[in-house]
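Chains A and B, in that order, are what the protein sequence lines are. So the first sequence is numbered by our numbering: it starts at 1 and just counts up by one. So the second sequence is numbered by our numbering: it starts at 179 and just counts up by one. Ideal placement from N, C-alpha and C gives every residue a C-beta, glycine not left out. Data block below; observations after.
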Amino acid sequence: MNTSTTPVIPWQETIFTTLKQGGIQQVAYVPDAGHAHVIRRVQADPDMRDIVLTTEEEGVALAAGAWLGGQRAALLMQSSGVGNCVNMFSLLRSCRFPFLTLVTMRGEYAEFNNWQCPMGQATQGALELMGITVLRASTPEEVEDLVGAAVDAAFEGGQQVAVLLSQRLIGRKKWIRQ
Amino acid sequence: MSTSPAITKATIERRAFVADLLKACPQALVITGLGSPTYDVFAAGDSANHFYLWGAMGGTTAMGLGLALAQPERPVLIVTGDGEQLMGMGSLATAAAQQPQNLSIVVLDNGHFGETGMQRSHTSLGTRLADVAKACGVSHAQEVFSENELPALAQRINARSGMLLAQVHIRQDEIPRVLPSRDGVYLKNRFREALGFPC
Chain A
1 MNTSTTPVIP
11 WQETIFTTLK
21 QGGIQQVAYV
31 PDAGHAHVIR
41 RVQADPDMRD
51 IVLTTEEEGV
61 ALAAGAWLGG
71 QRAALLMQSS
81 GVGNCVNMFS
91 LLRSCRFPFL
101 TLVTMRGEYA
111 EFNNWQCPMG
121 QATQGALELM
131 GITVLRASTP
141 EEVEDLVGAA
151 VDAAFEGGQQ
161 VAVLLSQRLI
171 GRKKWIRQ
Chain B
179 MSTSPAITKA
189 TIERRAFVAD
199 LLKACPQALV
209 ITGLGSPTYD
219 VFAAGDSANH
229 FYLWGAMGGT
239 TAMGLGLALA
249 QPERPVLIVT
259 GDGEQLMGMG
269 SLATAAAQQP
279 QNLSIVVLDN
289 GHFGETGMQR
299 SHTSLGTRLA
309 DVAKACGVSH
319 AQEVFSENEL
329 PALAQRINAR
339 SGMLLAQVHI
349 RQDEIPRVLP
359 SRDGVYLKNR
369 FREALGFPC
């Protein structure tokens, strides 16, 4: 039972169903509030495995191992985690592994914590420097199409794809607990 | 700081140990850590069931975890070095949290970074890797000091009865390199093909 009082946000449910329909069986993550609903849904699904990481680069290597063994994986992380992955991204291009990551953005819209800004503002550039195609969802209406397109590009087209979930889509972080 | 006693008294010869281990684990899917472990596994004989890493330092355990979860009926064997394992120390916690029954990590520990001029690594300077693995929740973590322990180790790997880390104390020999293919696309495709998946 989900006892959380957090309301389900429709675009987050859409992400889960798109991953599920795309045959993703391993979902690795360093958590972020914007991914919390998808993580809970994966944990409750007997055909999917949630894998909590100590650092995001583990998820890059894990996704490659899953593909070697015939499964599809996705990596959920916050924009700060992209910086932790940079050298490990070499594995993807060296071996042309399919790769799908969903990145919740910080440091770009109504950011309260300026410590998030340096990596948040460099996230897209860092991904592109390492050869990863970047798609960006800024409105709820775009999410289903973009995540579906990313699943296809990764696992049918053999591409490395990141979908950035913009900070405006996620909404302003509430800094005072009610 | 002085080098730890386990390093100085090591007697195991790495090439022979790896060759004997692979022979005793014919069903294993093998991922190798960059540098000497990649050469050791290739020197024992090439196979489509070997995935040789030439980079991705710190990634073997996480990669092995993804493979182990996808292929629960096969033993997954990582052969790596102390330097590579140290860089991915957090991944021991990540893997142990999943309790993969079929994931085994063999760390060939000479206490040094062999590829870069034999600088001392942390295992020469006080870090006890098998204890780290135990503390992360790896169900079976052990040190190996003798070739005589190999049959029991191989039996555990083949049994797929819980995540395992074996810290194998090897001599500091510098052995000629034996180089497998560096074509990652080829290595990936033949590995998947051998498991019956399209490339």
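Indicate whether at least one CB of chain A lies closer than 8 Å to the CB of Lys312 (chain B). no
Which of helix, strand or coil does DSSP assign to Val208 (chain B)? Val208 (chain B): strand per DSSP, three-state reduction.
Does DSSP put Val134 (chain A) in a helix, in a strand, or in coil? strand
is_contact[Glu58 (chain A), chain E] using C-beta, thresh 8 Å: In the structure shown, chain E does not exist; the protein chains are A and B.
Alpha helix (DSSP H) segments (min. 4 residues) lying fully within the segment 239-273 of chain B: You should have 260-265.
Would you say Ser94 (chain A) faces chain B, with C-beta separation under 8 Å as the test? yes
Taking only beta-carbon positions, decide if Gln249 (chain B) is within less than 8 Å of chain A. yes
In chain B, what lies closer than 7 Å to Val86 (chain A) by C-beta? The contacting residues do not exist; Val86 (chain A) stays about 12 Å from chain B at best.
Check each candidate in A:Phe112, A:Tyr29 and A:Lys20 and name the one with the smallest Cα separation from Ser381 (chain B). Any answer about residue 381 (chain B) is impossible in this case: the structure gives chain B only from 179 up to 377.
Is it a yes or a no for the segment 336-355 of chain B touching the segment 189-196 of chain B, going by three-plus beta-carbon pairs under 8 Å? yes
Round the Cβ separation of Leu343 (chain B) and Val316 (chain B) to the nearest angstrom and send it over; I've been treating them as touching at under 8 Å. 5 Å
Out of curiosity, what's the CA-to-CA distance linking Met1 (chain A) and Gln43 (chain A)? Reliability of the predicted coordinates at Met1 (chain A) is poor, the pLDDT of 47 falling under 50, and the value obtained from them is presented with this limitation in mind. Rounded to whole angstroms, Met1 (chain A) to Gln43 (chain A) spans 11 Å at the Cα level.
So, helix, strand or coil for Phe16 (chain A), using DSSP? helix
Could you pull out every residue in the same chain whose Cβ sits closer than 8 Å to the Cβ of Glu143 (chain B), ignoring the five residues on either side in sequence? With chain B covering only 179 through 377, there is no way to say anything about residue 143 (chain B).
Helix, strand or coil for Glu111 (chain A)? Go by DSSP, reduced to three states. coil
Should the segment 244-253 of chain B be called in touch with the segment 100-118 of chain A, which here means at least 3 C-beta pairs below 8 Å? no
Can you pull the chain B residues whose beta carbon is under 9 Å from the beta carbon of Gly70 (chain A), in chain order? Ordered by position in chain B, the residues that pass the 9 Å Cβ test against Gly70 (chain A) are Ala248, Gln249, Arg370, Leu373, Gly374 and Phe375.
Where does Ala332 (chain B) sit, in a helix, a strand or coil, going by DSSP? DSSP places Ala332 (chain B) in helix when its eight states are reduced to three.
Do Ala63 (chain A) and Val103 (chain A) count as a contact pair if the criterion is CB distance below 8 Å? No.
Return helix, strand or coil for Thr54 (chain A), following the three-state DSSP convention. coil
Using the three-state DSSP reduction, which class does Thr139 (chain A) fall into: helix, strand or coil? coil
Compute the distance between the beta-carbons of Cys203 (chain B) and Asn326 (chain B), then report whether it is under 8 Å. no
Quick one: using the 10 Å Cβ neighbour count with 16 as the cut-off for buried, is Met296 (chain B) buried or exposed? exposed
Members of the segment 225-241 of chain B that neighbour chain A once the beta carbon cut-off is set at 9 Å: Phe229, Leu231, Trp232, Gly233, Ala234, Met235, Gly236, Gly237, Thr238, Thr239, Ala240 and Met241
Just to confirm, is the Cβ distance from Ala66 (chain A) to Leu307 (chain B) under 8 Å? no
Of all Cβ atoms in chain B, is any one closer than 8 Å to the Cβ of Thr18 (chain A)? no
Selected residue, minimal CA-CA separation from Ala313 (chain B), among B:Arg368, B:Ala188 and B:Ala275: B:Ala275
Going along chain A, which residues have a C-beta under 9 Å from Ala275 (chain B)? Ile51 and Val52
Neighbour flag for Val363 (chain B) against chain A, beta carbons, 8 Å: Closer than 8 Å: yes.
Can you look up Val163 (chain A) in the DSSP assignment and give me helix, strand or coil? strand
So, is the C-beta of Ala319 (chain B) closer than 8 Å to a C-beta in chain A? no
Closer than 8 Å to chain B by CB, Ile15 (chain A): no
Under 9 Å Cβ-Cβ, which residues of chain A neighbour Gly268 (chain B)? Leu53, Thr54, Thr55 and Glu58
For a contact defined as C-beta to C-beta under 7 Å, what are the partners of Gln183 (chain A) on chain B? Outside the displayed span of chain A (1 to 178) sits residue 183 (chain A), for which this structure offers no information.
Tell me Gln124 (chain A)'s beta-bridge partners as DSSP assigns them. Gln124 (chain A) has no beta-bridge partner at all, per DSSP.
Roughly how many angstroms lie between the CA atoms of Gly374 (chain B) and Phe229 (chain B), to the nearest whole one? Between the alpha carbons of Gly374 (chain B) and Phe229 (chain B) lies a distance of about 16 Å.
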